[in-house]
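In this note's numbering, the protein residues as written are 302 to 383. A virtual CB, placed ideally from N, CA and C, is assigned to each residue, including glycine. Working notes for the structure below.
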Amino acid sequence: MTAAGPPGSGITGFLRPHTLAWGALWFVVVVVFTAGVGVIQAAGEAGEMPPLTSAAEPVIRSVDPPSSAPEPPRLVDVDNPG
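Following this line, the structure appears as structure tokens:
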């Protein structure tokens with residue numbers, strides 16, 4: 302025969318309300334994050350989101366006004382003008 306352990310031992314000690322609450326919170330965080338990633342991927346595959354490439358940067362970032370700093374020297378190709 303085995304004697305009963307102290308109160309709160311065994312599986313009942315592991316399944317305290319505090320532990321269950323943290324487990325439920327992490328479950329919700331993981332499910333919401335995974336669902337969000339799935340929605341973003343589905344929108345990208347359906348073509349509803351613009352690709353984040355250099356062609357899309359002018360749309361995302363406004364064009365900066367000209368700077369007062371001097372421009373670097375430009376290389377001139379003598380063989381191919383224009």
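Local conformation of residue i per DSSP, three classes
| i | result |
| --- | --- |
| E346 | helix |
| P318 | helix |
| L376 | coil |
| A325 | helix |
| A336 | helix |
Length of the line joining the Cα atoms of residue i and residue j
| i | j | result |
| --- | --- | --- |
| I341 | V332 | 14 angstroms |
| F334 | L326 | 12 angstroms |
| A347 | G339 | 12 angstroms |
| A343 | D380 | 50 angstroms |
| D378 | M350 | 40 angstroms |
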